[in-house]
Structures are given as C-alpha cells and as structure tokens.
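Taking it in order: structure first as structure tokens, then the write-up.
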Amino acid sequence: MSCVDDIDIKRIPRHVAIIMDGNGRWAARRGNDRIFGHTRGVEAVRASIKAAGKIGVSYLTLYAFSTENWNRPKIEVDALMGLLVNVITAESNELLKQNVQLKIIGDRSSLPPDVCKEVDRVVEMLSVNDGLTVVMALSYSSHWEIINAVKTLAVDVKKGKINPEDISRELFDGYLSTAEIPNPELMIRTSGENRLSNFLLWQLAYAELYFTPKLWPDFSEEDFYEAICNFQHRERRFGMTSEQIKKTKLK
Ligand code: IPE
Ligand code: IPE
Ligand code: MG
Numbered sequence: 000m001s002c003v004d005d006i007d008i009k010r011i012p013r014h015v016a017i018i019m020d021g022n023g024r025w026a027a028r029r030g031n032d033r034i035f036g037h038t039r040g041v042e043a044v045r046a047s048i049k050a051a052g053k054i055g056v057s058y059l060t061l062y063a064f065s066t067e068n069w070n071r072p073k074i075e076v077d078a079l080m081g082l083l084v085n086v087i088t089a090e091s092n093e094l095l096k097q098n099v100q101l102k103i104i105g106d107r108s109s110l111p112p113d114v115c116k117e118v119d120r121v122v123e124m125l126s127v128n129d130g131l132t133v134v135m136a137l138s139y140s141s142h143w144e145i146i147n148a149v150k151t152l153a154v155d156v157k158k159g160k161i162n163p164e165d166i167s168r169e170l171f172d173g174y175l176s177t178a179e180i181p182n183p184e185l186m187i188r189t190s191g192e193n194r195l196s197n198f199l200l201w202q203l204a205y206a207e208l209y210f211t212p213k214l215w216p217d218f219s220e221e222d223f224y225e226a227i228c229n230f231q232h233r234e235r236r237f238g239m240t241s242e243q244i245k246k247t248k249l250k
C-alpha cells in the first residue's frame, strides 16, 4: 500500500523545501564520478515535482546550488551549470503541461549569462501556468540573502522611505527573495546530513525538519509522500502547550 493513501488532503503543507543532497556519494558507491550522480539526481527532481503537484503543494523549493558550492572543483561546477541549462531546456514542455510555474532565487550576478538567459526564457514561458510553483535556489545562501535584504532596507531608511521604528518581521520578509511566498512548513534533507547548510535560515524558523538517510538520486515519489505523512503526525506548537493546540483544533 502506498503512503499516499494515508495523507490527509486537508492538511497538505503549502510550501515544502528540499536540500537535495548525496549525489556525489551515490555515484562513488557505484564507482562513478560525482557528475554521474548529479545527472541521476534529475530523476528525483522529476519525482518530487510530480508528487508535490499531485497532492496539491503550492510551493516546492529545491536547493540546487549553494553560494558555497562555487568552491568545488571547476570541472564539477561547470558540469553542474551545463546540466542545469540542459535540464531546464529539456523539461520545459513537460512542466508547461503539468501546469508548473518556475521561480529562481539566489545571486543571479554570479551565474553564467547562458544560464540566466535560459532560466529567464523558461520562467517567462511557464508564467501562463497557475499550479505548483517550483522555486529553484541557484547560487543561493541565506547569508547572501539576508545581507542583501539588510542593504536594500538600509538604503530605504536612508532615503526616508522606511522609518526604523516600523521595521517588523513582516516588513523584513518583503526584502527577502522569498517575498510573497509563505514560509515552508516542511524541510526535507536527504543523504543523512543533519544540517541546514545556509538554506532558508530565516524562513525555516518554525518549519518541521525531516532528515532521511536516502541519497538524493534514490529519493522517489513514495519517499516524498512518506515525508508528508511523517509531517502530518507531528504536533506543531509554535511555543504554546499541547493542551492549547488541542483546544484550538476542537473549535
Ligand atoms: C548535492 O549532492 C548536489 C549539490 C550540492 C549540487 P552533493 O554533490 O553534495 O553530494 P555529496 O553530498 O557529496 O554526496
Ligand atoms: C547543500 O549541500 C547544497 C545543495 C544541496 C545545493 P552541500 O553538499 O553543499 O552541503 P554541505 O557542504 O555538506 O554542508
Ligand atoms: Mg553534499
């Protein structure tokens, strides 16, 4: 029996974020180079998009390349950038059919021009859709994002557009690259590493964290449903007591 049958369709997280980790180890275990693992990871991306769309998730954020990943060997960075363009091009028609929208977050100025051009073309092409939004974090890190937001906010204060007393959590949200997107309720990381690696540090403040030992290329549609089921069995308290939460549920 599939875990999808246990999912309560009325309590689907609106936003799921994934740290897609373990491609290199997956390839090494098979005596292959790391790039082979990245290529095989694309199947898991497809599976996750399909699963998220099927159960009605609104936003799926995928950590595809971090600011820190620029420090990897040039051959791997180049291969990842090439793979990215090829995958976005090859999948665009299928994503159009699946009613998927695309959004990119990250430091665009560090991306090669051909990557920016192709990404812009597909973002525009999919903008006619109104289903699941896939948010690709590309050359992204939370430290980059927060510093960037603080700089823009400081300029607005200097110009007199914002009064320092009016700075609130909601106002700050609007300066982040995820402005307009609700915070993820669930964050999944594959490969058995129990850390955030500079991913959505602000936005994940109250997310449920789900760590699985599966390496990313092995992550399937069923694994995605399993993470959703696990999420639905948790009690999210937001600082309150269990009794308070139960009372609000009864209302
Ligand atoms: C995740 O897999 C993909 C990227 C970070 C781009 P890794 O390449 O980090 O694989 P491991 O963690 O070394 O196995
Ligand atoms: C995080 O994975 C980044 C992505 C999945 C894109 P890493 O493999 O780069 O993270 P660390 O270095 O193990 O923390
Ligand atoms: Mg890794």
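Letter 42 of the sequence shown, counting from 1, is numbered 41 in numbering that gives the first Met the number 0, and no numbers are missing.
Backbone N, C-alpha and C define an ideal beta-carbon position, used for all residues, glycine too.
CA-to-CA, the gap between F210 and I17 works out to about 10 Å. Your pair L61 and V99 does not check out as a contact, with CB atoms roughly 12 Å apart and the cut at 8 Å.
Distance from the CA atom of P181 to the CA atom of G173, rounded to whole angstroms, is 11 Å. Using a Cβ distance threshold of 8 Å, L110 and S138 count as a contacting pair. Its chain contains Y224 as the residues whose beta carbon lies nearer than 6 Å to that of V3, once the 5 sequence neighbours on both sides are disregarded; these appear in chain order.
Segment contact: the region 11-31 against the region 202-219, three or more CB-CB distances shorter than 8 Å; contact assigned.
N68 has its Cβ nearer than 7 Å to a heavy atom of ligand 1. Proximity to D5 across L59, V41, I54 peaks at I54, based on C-alpha coordinates. Counting C-beta atoms within 10 angstroms of its own C-beta, F64 has 16 or more neighbours from the protein chains shown and is therefore classed as buried. By the CB criterion at 8 Å, I87 and V121 fall inside the cutoff.
For A50, the enclosing alpha helix (DSSP H) covers residues 33-54. By the Cβ neighbour-count rule, V127 is exposed, with fewer than 16 other Cβ atoms within 10 Å of its own.
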